[in-house]
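Presented below is the structure to which this report refers.
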Amino acid sequence: MVHRLRPMIAWYRKTKYPGKRAGIILVTLAWLFSTIACSQGYVSTFDLTATALFSGGGAGSGEVLPSLEAPVDSAPVATVEPAVMATTLAAQDMPPTLLIETPEPTSPLTTPLPPILYYTQAGDTLPAVAIRFGVNQEEITSNEVFDVTGFIPAGKLLIIPNRLETTGPPDAIMPDSEIVYSPSALGFDIEAFVQEAGGYLAGYREYLADGWNSGARVIQKVAIENSINPRILLALVEFQAGWVYGQPANLAVTDYPLGFINKDKKGLYKQLSWAVQQFSIGYYGWREGLFTSLTFNNDTQMRLAPTLNAGTAAVEFLFSRLYHPDVWNGVIFGDKSFGALYERMYGNPWLRAQTVEPLLPVNLTQPELQLPFLPARVWSFTGGPHAAWGPDGAWAALDFAPAAAESGCVKSDDWVAAVGTGLVVRSGNGVVVVDLDGDGYEQTGWAILYLHIRSDGRVPLGAWVEQGSLIGHPSCEGGVATGTHVHIVRKYNGEWVAAGGPLPFILDGWTAKAGERPYEGSLNKEGEVVEACTCGSFETRILRPKDGN
Numbered sequence: 043m044v045h046r047l048r049p050m051i052a053w054y055r056k057t058k059y060p061g062k063r064a065g066i067i068l069v070t071l072a073w074l075f076s077t078i079a080c081s082q083g084y085v086s087t088f089d090l091t092a093t094a095l096f097s098g099g100g101a102g103s104g105e106v107l108p109s110l111e112a113p114v115d116s117a118p119v120a121t122v123e124p125a126v127m128a129t130t131l132a133a134q135d136m137p138p139t140l141l142i143e144t145p146e147p148t149s150p151l152t153t154p155l156p157p158i159l160y161y162t163q164a165g166d167t168l169p170a171v172a173i174r175f176g177v178n179q180e181e182i183t184s185n186e187v188f189d190v191t192g193f194i195p196a197g198k199l200l201i202i203p204n205r206l207e208t209t210g211p212p213d214a215i216m217p218d219s220e221i222v223y224s225p226s227a228l229g230f231d232i233e234a235f236v237q238e239a240g241g242y243l244a245g246y247r248e249y250l251a252d253g254w255n256s257g258a259r260v261i262q263k264v265a266i267e268n269s270i271n272p273r274i275l276l277a278l279v280e281f282q283a284g285w286v287y288g289q290p291a292n293l294a295v296t297d298y299p300l301g302f303i304n305k306d307k308k309g310l311y312k313q314l315s316w317a318v319q320q321f322s323i324g325y326y327g328w329r330e331g332l333f334t335s336l337t338f339n340n341d342t343q344m345r346l347a348p349t350l351n352a353g354t355a356a357v358e359f360l361f362s363r364l365y366h367p368d369v370w371n372g373v374i375f376g377d378k379s380f381g382a383l384y385e386r387m388y389g390n391p392w393l394r395a396q397t398v399e400p401l402l403p404v405n406l407t408q409p410e411l412q413l414p415f416l417p418a419r420v421w422s423f424t425g426g427p428h429a430a431w432g433p434d435g436a437w438a439a440l441d442f443a444p445a446a447a448e449s450g451c452v453k454s455d456d457w458v459a460a461v462g463t464g465l466v467v468r469s470g471n472g473v474v475v476v477d478l479d480g481d482g483y484e485q486t487g488w489a490i491l492y493l494h495i496r497s498d499g500r501v502p503l504g505a506w507v508e509q510g511s512l513i514g515h516p517s518c519e520g521g522v523a524t525g526t527h528v529h530i531v532r533k534y535n536g537e538w539v540a541a542g543g544p545l546p547f548i549l550d551g552w553t554a555k556a557g558e559r560p561y562e563g564s565l566n567k568e569g570e571v572v573e574a575c576t577c578g579s580f581e582t583r584i585l586r587p588k589d590g591n
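Given below as structure tokens:
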């Protein structure tokens, strides 16, 4: 259900549990007392009602205002109606999307609004929550104790000043586990699903760097490379092009099935690769507090409801790149929406989510890992936290390069060593993935991805590697690279884990810290700091002593 309300009017949902109800009443009474004591003006009884927002809660709608910012992608985009939206959406199917400029956190209001009572979600951190709600961290209070530098346990009550006059719809439409290639996708047979559906995708073939690929194989390739759930990709192809169950309606839908019209993004693989970049920006950007508003393809903006989960933010971000706000409303909500199609294809995603979420448990710790090269060998720390795969998304990767007499993509006899013990579940095209829990699935538990591993000498699929054993030689294979190096990434339950985030990458005691921009940052150990630089200068050198200390 979409909640419609006038700007500046608070609302709350009924509290299911007596404990939470009592907590809300106590907080409300405290706020009442402080407001009556401090305010010089009249405040109505209704205005004193505290705003209780749960994980799916939020408030607001307003008019769309022109944006002063440039669109995220300057490439031309043509609006293509979704295949499943053959009929015009009725006005009642399209909740209003209203936009009002958000005041700065320090902007005073004449009469304070009731505080927001927010119950945290898995993956929340205090800095990201503060950014999403438009307040300073110090203004957020709670009667519960938790680590303010790490993940906040789900369900913790935070009392947050209400500074956002109006936001977009607060409804959660997609669980986090349906965006990333999580345990919820284990056992999902892409080929069988596509063939049973019997649409255009079942007979589709595309030639890529590794040869001819079927439609199902293209879906799997994009999913596994980017750690994006194959269900969401198939649903997107069906919603935009009707390829899964039907046939393309015209040549444009054949060449550009997702509706992103750009001559450099022709074909299913490139269309999906573009789409997963948008999913990743939305998902990880929301997780880390890197954005708070959508910029539509007509340059208007909408402030997102701060209570959304990352999965919902990812879907809303993607479709904002394809549609004007009025059409976007119908894509997101109603019987003909993307979410409605998704449930018809796979059943209720929230029921699946209950079996696998939270993806990042609050007590999660990184296993002991070592630097990715042999002892007594000098390497350079050439890349601080940056994108795990592709140009955007989680800053989950670190880069290391061996010492060399010349720069560029030169052959190296140095070895990349396993940072941890586990089972090789993927090996090929410059990539090695080691599953640290040894269950044979990179979608569960901890997994380490090594990129740019040369084909000769590369550890084979199915091998068991001990910490410190040989993975292969660094190179430029497997992706875009300007010089010989290894790119290493962590993921947990299919989600890329930020290298400089609340659970930092730690290698032989060296802790990664992110910089202001991708590839910047440092490794820190006992007061010693090594700054990252692609130049591979003397200052970037890092050594593993023979004793491993």
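Start counting the sequence shown at 43; every next residue gets the next number (this note's numbering).
Ideal placement from N, C-alpha and C gives every residue a C-beta, glycine not left out.
Keep in mind that this is a model prediction, so the values were computed, not measured.
Asked, Found
"Beta-carbon proximity list for Lys312, same chain, < 8 Å, skipping 5 on both sides", "Asp306"
"Check whether Val458 and Val528 have beta carbons under 8 Å apart", "yes"
"Whole beta strand (DSSP E) elements within the region 176-262, 3-residue minimum", "199-202, 247-250 and 253-256"
"Own chain residues within Cβ distance below 8 Å of Arg247, not counting five before or after", "Trp254, Asn255, Ser256 and Gly257"
"Proximity of Leu364 and Asn339 at Cβ, strictly below 8 Å", "yes"
"For Val476, the nearest candidate out of Val466, Phe333, Asn268 and Pro290 (CA to CA)", "Val466"
"Run of the beta strand (DSSP E) containing Pro444, from where it starts to where it stops", "Trp437 to Pro444"
"Status (buried if at least 16 other CB within 10 Å, exposed otherwise) for Lys588", "exposed"
"C-alpha gap between Ala498 and Val369, whole angstroms", "A small fix is needed here, since residue 498 is Asp in this sequence, not Ala. If you take the alpha carbons of Asp498 and Val369, they lie about 51 Å apart."
"Assigned exposure category for Arg386 - 16 Cβ within 10 Å defines buried", "exposed"
"As assigned by DSSP and simplified to three states, the class of Trp488", "strand"
"Sufficient close CB pairs (3 or more, under 8 Å) joining the region 445-459 to the region 412-432", "yes"
"Ala574 (DSSP reduced to helix, strand or coil)", "coil"
"Tyr326: first and last residue of the uninterrupted alpha helix (DSSP H) it sits in", "Leu310 to Glu330"
"DSSP three-state assignment for Leu503, whether helix, strand or coil", "coil"
"Helix, strand or coil at Glu537 [DSSP, three-state]", "strand"
"Length of the line joining the Cα atoms of Trp316 and Val357", "14 Å"
"Exposure label - Leu336; buried when at least 16 CB within 10 Å", "buried"
"Spatial neighbours of Tyr24 in its chain, beta-carbon cut-off 6 Å, leaving aside the 5 residues before and after", "The chain is shown only over 43 to 591; residue 24 falls outside these bounds and no answer can be derived."
"Under the three-state DSSP convention, the category Asn351 falls into", "coil"
"Touch test, the region 235-252 against the region 198-215, Cβ-Cβ under 8 Å, three pairs minimum", "no"
"Bridge partner(s) assigned by DSSP for Asp456", "Bridge partners of Asp456: none, in fact."
"Counted within 10 angstroms of its Cβ, other Cβ atoms place Gln412 as buried (16 or more) or exposed", "buried"
"Which listed residue (Ser184, Pro211 and Thr209) has its alpha carbon closest to that of Lys198", "Ser184"
"Close Cβ partners of Leu585 (< 6 Å) along its chain, the five nearest in sequence each way excluded", "Val420"
"Status (buried if at least 16 other CB within 10 Å, exposed otherwise) for Thr524", "exposed"
"CB-CB length for Ala210 against Arg394, believed under 8 Å", "Checking the displayed sequence, the identity of residue 210 turns out to be Gly instead of Ala. 26 Å between Cβ atoms; not a contact."
"Residues that Arg595 bridges to, as DSSP identifies them", "The question about residue 595 has no answer here: the residues shown for the chain are numbered 43 through 591."
"Spatial distance of Gln408 from Pro516 (CA atoms)", "24 Å"
"Closest residue to Asp252 among Ile215, Asn471, Asp166 and Val501 (Cα-Cα distance)", "Asn471"
"Asn271 classed as buried or exposed, judged by whether at least 16 other C-beta atoms fall within 10 angstroms", "buried"
"Three-pair Cβ contact test at 8 Å for the region 551-561 versus the region 284-293", "no"
"Closest Cα partner of Phe281 within the set Ala382, Ser362, Asp166 and Glu233", "Ala382"
"Distance between Leu503 and Arg468 (C-alpha atoms, nearest Å)", "6 Å"
"Neighbourhood of Trp392 by C-beta distance below 8 Å, restricted to the same chain and skipping five residues each side", "Pro217"
"Cutoff 8 Å; reference His494; Cβ partners in own chain excluding five residues on either side", "Gly472, Pro516, Ser517, Cys518, Glu519, Gly520, Gly521, Ala523, Thr526, His527, Val528 and His529"
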